[in-house]
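Let me begin by presenting the structure, written as structure tokens, before commenting on it.
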Amino acid sequence: MDEWSLSGYTALRELGRGGFGRVVLARHDASGTHVAIKYLHVTDESFRTEFRAEAGILRGLRDPHVVTLFDYVETPQGAAIVMEAIDGVSLRALLKERGNLEPEAALAVLKGSLLGLGAAHRVGVVHRDYKPANVMVGGDGQSKLIDFGIALRSGDSGQVVGTPPYMAPEQWDGAPASPSTDVYAATCVFFECVTGRTPYRADTLAAYRAQHMVGPIPTDDVPEPVRALVERGLAKHPQGRPPGATEFAAELEAAATAAYGPEWESNGWRRLAEAAAGLAALFPFAMLVAKVAPGGAAHAGHAGVAAGKAGATAGKAGATAGKAGHGALTKLLGGNAATKAVAVATGAVVVGGAGTAAIVLTHHDKPKKAAVAPLRVELASYNRQVTGLDLSGARYVQVSGGKDAALRGRVNAALAAPLEWAVDEMRQMTARQQPPCTTPTVLGVKPEIGLRGPHLVTVRYELPKQFCHPLDFELPHLTVTVDLRTGQSLPGEQVFSAGTLTTSGVDRLMRRVQPHTTKPDLALVCTEGTAPSDFRPGRPLDSTRPQPPRVSPFLTQKGLDVTWSQFGSECPFYSVTLPYSEARDLLAPKILAELPK
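In full-length UniProt numbering, the protein residues as written are 1 to 597.
Here you go:
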């Protein structure tokens with residue numbers, strides 16, 4: 001069967017082919033603009049779904065560091081993504097040719113990629129497969145991020161997918177993806193750029209997994225000025241890394257400026273342009289340039305190929321459905337079909353004519369400062385290795401974004417404190433068992449988010465467990481209220497008004513709660529005799545940590561949840577929701593200001 005192609009485009013050359021499709025450099029007939037078209041040939045619906053998903057992700061991204069989607073088309077013969085063409089080479093090709101890059105060039109690539117990843121993170125998407133083959137370096141030395149084929153919404157979990165040398169520890173467990181997952185991969189690539197090798201090398205998947213999960217971070221060959229960046233980005237636990245790409249870009253910029261001066265990025269772009277010029281024969285337009293007559297005006301257009309790997313699988317994964325027509329492309333690009341050639345910088349220049357795009361190294365604009373993302377609340381996977389425990393099902397809440405890294409660290413420490421308490425309790429209990437446990441204690445953590453700001457975050461953690469020996473006990477549900485302005489957790493005394501946690505105040509609270517109780521038998525066991533001391537931490541048992549309060553407030557969008565929960569089996573969990581209309585006089589003024597209107 002003849003290969004199908006989109007009407008309205010003239011194919012110029014094939015750029016790559018794989019088992020599922022091909023990538024073609026083409027010209028849009030109506031505008032004369034050059035584009036890259038990724039064709040998916042197979043009709044299997046699962047591949048179409050993935051292909052459609054990739055288009056959907058690209059459609060929602062408009063950022064100079066991410067390849068631009070122009071159109072998505074589905075036909076009975078297959079599907080196609082029409083996107084910006086990038087006249088350049090993959091970072092993989094550069095590293096294969098050169099071995100490694102100068103620190104400033106490596107930093108420039110990393111910053112561009114982080115800004116592109118940050119744009120994805122802001123719309124809730126995690127790339128999950130950032131690697132050198134998914135970064136294109138243009139003739140001007142600037143880079144773009146491509147190929148969102150296995151991306152996920154932040155917080156979603158999925159199969160263990162990715163490229164082993166760049167996979168974060170949480171990916172090996174199929175845990176929820178988060179922006180810090182991409183931070184880890186980006187740091188692996190940066191490590192490769194400055195050293196010429198990946199941080200971990202292995203012959204088997206099991207060996208790769210072990211290296212990423214527990215292997216030491218190898219920084220000996222990393223230039224000293226950027227070692228701290230590598231150590232931060234390769235932290236085993238997501239909480240130890242910058243929470244997202246935008247935040248990491250800001251840290252990178254500060255470190256790079258301190259080490260290499262304010263011109264580090266322009267210098268890096270120049271060195272990348274020189275390196276890319278050495279591979280000019282691999283540029284998508286190189287063959288076209290060879291065919292045109294000398295002289296004439298250079299037509300820069302939209303150059304390049306966003307399909308990434310020139311010989312890789314075209315269309316291995318997906319995109320979001322769009323209308324099967326090309327009017328959008330004409331509307332987007334019609335007025336720019338004859339873009340003027342820009343000023344030439346350093347490096348080789350190949351000039352074409354007759355309206356055909358050429359390899360032109362553009363002058364470098366002033367480096368753009370990394371934007372600071374607003375503080376946002378998200379789920380993360382807790383994958384720290386603890387002897388005797390299986391924590392693969394543990395999740396916790398963290399924040400990312402914001403300008404103040406120290407404040408963000410305090411907030412995240414406060415949000416994770418209940419989980420750390422549970423981990424410490426289970427670790428000690430497991431270690432004390434006689435005879436010793438032969439299987440790990442499984443501790444799962446299920447967070448429930450109540451308020452999400454602007455100044456407070458409230459979380460209640462359920463702690464399901466499977467102990468290594470049969471014991472009849474339950475872990476309490478743990479509640480935390482964190483002030484995003486200070487990073488401090490608020491005890492009950494600061495959540496309730498001044499007179500509430502007194503004997504008369506608790507009696508008043510219980511009278512309000514009584515009409516809303518359910519499960520009378522459990523309510524009687526849990527709520528009878530509630531006293532002010534129940535709202536405060538208890539004495540440590542066998543551990544050094546105080547026991548959490550037996551009764552805790554949990555602020556939600558719907559009302560005040562009063563939660564009874566304690567270590568043991570007598571009252572594992574009981575909660576009553578009191579509408580805010582009945583609870584406002586019981587709460588502190590600063591809490592009232594944060595409640596839903």
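The C-beta atom is built at its ideal place from N, Cα and C for all residues, glycine as well.
Using 8 Å for Cβ pairs, my map puts residue i next to residue j. What's the rounded Cβ distance?
i	j	result
residue 560	residue 574	Going by Cβ atoms, the distance from residue 560 to residue 574 rounds to 15 Å, so no, they are not a contact pair.
residue 36	residue 69	Not a contact, Cβ separation roughly 11 Å.
residue 162	residue 128	6 Å
residue 91	residue 109	6 Å
residue 222	residue 183	Contact doesn't hold; Cβ gap of about 16 Å is too wide.
residue 449	residue 459	6 Å
residue 484	residue 456	7 Å
residue 482	residue 411	6 Å
residue 508	residue 583	No, residue 508 and residue 583 are not in contact; Cβ-Cβ is about 11 Å, not under 8 Å.
residue 414	residue 398	That pair is no contact at about 10 Å.
Where does residue i fall in DSSP's three states?
i	result
residue 209	helix
residue 591	helix
residue 247	helix
residue 398	strand
residue 83	strand
residue 419	helix
residue 413	helix
residue 270	helix
residue 167	coil
residue 5	coil
residue 359	Only weak support exists for where residue 359 lies, its pLDDT of 26 falling under 50; the value from the coordinates is given anyway. Strand.
residue 498	coil
residue 556	coil
residue 96	helix
residue 239	helix
residue 481	strand
residue 65	coil
residue 539	coil
residue 435	coil
residue 503	helix
residue 493	helix
residue 15	strand
residue 319	With a pLDDT of 31 at residue 319, under the threshold of 50, the modelled position of that residue is not reliable, and no figure is offered here.
residue 600	Here the chain comprises residues numbered 1 to 597, so residue 600 is not present and cannot be evaluated.
residue 72	strand
residue 598	There is no way to answer for residue 598, as the model of the chain reaches only from 1 to 597.
residue 229	helix
residue 586	helix
residue 386	coil
Measure the Cβ-Cβ separation of residue i and residue j and say whether it is below 8 Å.
i	j	result
residue 61	residue 120	yes
residue 131	residue 185	yes
residue 206	residue 225	no
residue 516	residue 577	yes
residue 492	residue 552	yes
residue 272	residue 105	yes
residue 278	residue 97	yes
residue 181	residue 192	no
residue 400	residue 247	yes
residue 12	residue 30	no
residue 270	residue 138	no
residue 23	residue 276	no
residue 503	residue 532	yes
residue 637	residue 112	In the structure as shown, the chain starts at 1 and stops at 597, and residue 637 therefore has no counterpart that could be examined.
residue 82	residue 145	no
Tell me residue i's beta-bridge partners as DSSP assigns them.
i	result
residue 564	551, 574
residue 448	460
residue 466	442
residue 136	90, 144
residue 38	23, 81
residue 121	DSSP lists no partner for residue 121.
residue 28	9
residue 525	According to DSSP, which records beta bridges pairwise, residue 525 is partnered with nothing at all.
residue 596	Answer by DSSP bridge pairing: none, since residue 596 is not bridged.
Does at least one heavy atom of the ligand ZN sit under 7 Å from the Cβ of residue i?
i	result
residue 251	As for the ligand ZN, it is missing from this structure, which has no ligand bound.
Touching by the beta-carbon criterion (3+ pairs, under 8 Å), the region 118-131 and the region 71-80
no
If you pair each beta-carbon of the region 196-216 with each one of the region 241-261, do three or more pairs fall below 8 Å?
no
Inset, instruction - Take every Cβ of the region 417-427, pair it with every Cβ of the region 473-480, and state whether three or more of those distances are shorter than 8 Å. - result: yes
inquiry  = Can you confirm whether the region 455-468 touches the region 381-400 when touching is taken to mean that 3 or more C-beta pairs between the two stretches lie within less than 8 Å?
reply    = yes
Contact the region 192-211 vs the region 404-418: 3+ CB pairs below 8 Å:
no
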